[in-house]
Structures are given as C-alpha cells and as structure tokens.
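These notes concern the structure reproduced below.
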Amino acid sequence: MAQIAVVPGSFDPVTLGHLDVIGRAARLFDEVHVLVVHNPEKPPAMFAAADRVRLIERSLAEVGVPDTVRVGEWTSGLLVDYCRQVGAGVLVKGVRSGEDVAYETPMAIMNRHLADVETVFLLPEASRAHVSSSLIRQVATLGGDVTPYVPVVVADALAERLAR
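For the sequence shown, position 121 matches number 121 in UniProt numbering, and the numbering has no gaps at all.
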C-alpha cells in the first residue's frame, strides 16, 4: 500500500525553502499532495489560491520534483478530512525554528487524535531557515531582490503583481 503524505501551507508565495521540504518529502513517501490551504489567522493573500497552485506546479517543474507530487487546494473543513479523502496518513510540515515547532505541535497532536494522522517535521536547508513567505512579500513590496529565495516563476509573478 502506497504511503501518502500531505504538505499543507498557504504558500503565498512558494519559496525555495518550501520546495526543498516538498522535494525531500517526495523522497520519503510514495505520493505527496501539496495542498494550498486557507489560514484565517493570516492577512489576505497576495495571490489567489488558484494562482498559488499554478505557481507551485510551475515551480516544481522548474526544480525537477518528481511526478509523484500532486498540487491542489483545500478551502473548507479540517485538513484531516482531506487526508482521509486521499488516504494520507502523514502530514509534513517544514519548521524553521523552535517557534514553528511550538506553533505546530498542538495541531499535530490534535490531527493525530482526530484522525490518526501523524505529523513529520522537516527542517529546511540552513541557508533558507530565515525565509518565510511573509518576509518575501515584504522585501519584494519594498523593492528588494528576492531572487535568491524563490523560483524564477515566482520572482516574475511578484514583479508583475507589484508593477500594477
């Protein structure tokens, strides 16, 4: 039986750190679902969910992630409902710091309680541990160079969005 994992996130926008975690998850699991989810605690998105899905798909192709990775979105209901729907027993979360672990731990315990879905934490490459989507949005909005931290397709989309 194939082991299926879900990598959820807002991915607004997807970064090279996200892609690193997704690529490593693809090496650990038979099938990986990258899922753009709505987080009501975060500010309004720079990119619509459908645009984020397309940016992730194009970014995965750009960096050569295997075709065992699927990308979609989940806008309502519990994340574990999606896991049940696709037969996933694992959530993969990228964590950059102890603060991320502290934030993610209660959700991991609840997901295990609700649906027997385990959570695996993966650390990004050290050179990307300081990068978050919100930092990328802020730097790009203020005219800074984000090209070392995002795929080309994302840098282009940010430039286009901010030129409006």
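For each residue, glycine too, the CB sits at the ideal point set by N, CA and C.
Rounded straight-line distance, which links the Cα of residue j to that of residue i
i, j, result
"S59", "P66", "12 angstroms"
"S76", "H18", "22 angstroms"
"R52", "G87", "24 angstroms"
"Y103", "M1", "32 angstroms"
"S127", "D20", "11 angstroms"
"R161", "F11", "16 angstroms"
"L55", "A45", "14 angstroms"
"L122", "A5", "13 angstroms"
"I22", "V7", "7 angstroms"
"G94", "A26", "13 angstroms"
"A49", "S133", "14 angstroms"
"V154", "N111", "31 angstroms"
"V43", "G9", "Looking at the sequence shown, residue 43 is not Val but Pro. P43 and G9: Cα-Cα distance of roughly 14 angstroms."
"Y82", "W74", "8 angstroms"
"A140", "V146", "6 angstroms"
"G89", "M107", "15 angstroms"
Short CB-CB distance (under 8 angstroms) between residue i and chain D
i, result
"E41", "This model lacks chain D altogether, as it is built from one protein chain only."
Anticipated Cβ contact below 8 angstroms, residue i with residue j, distance rounded
i, j, result
"V152", "E62", "6 angstroms"
"V80", "L114", "5 angstroms"
Beta-carbon spacing of residue i, residue j below 8 angstroms
i, j, result
"V92", "V120", "yes"
"A157", "P13", "yes"
"V150", "T68", "no"
Bridge partners - residue i, DSSP secondary structure assignment
i, result
"G94", "L122"
"G9", "V36"
"E73", "V36"
"V4", "Here residue 4 is Ile; the residue named in the question, Val, does not match the sequence. DSSP, once it has assigned bridges, lists E31 as partnering I4."
Any contact of the region 95–106 with the region 26–45, i.e. 3+ C-beta pairs under 8 angstroms? no
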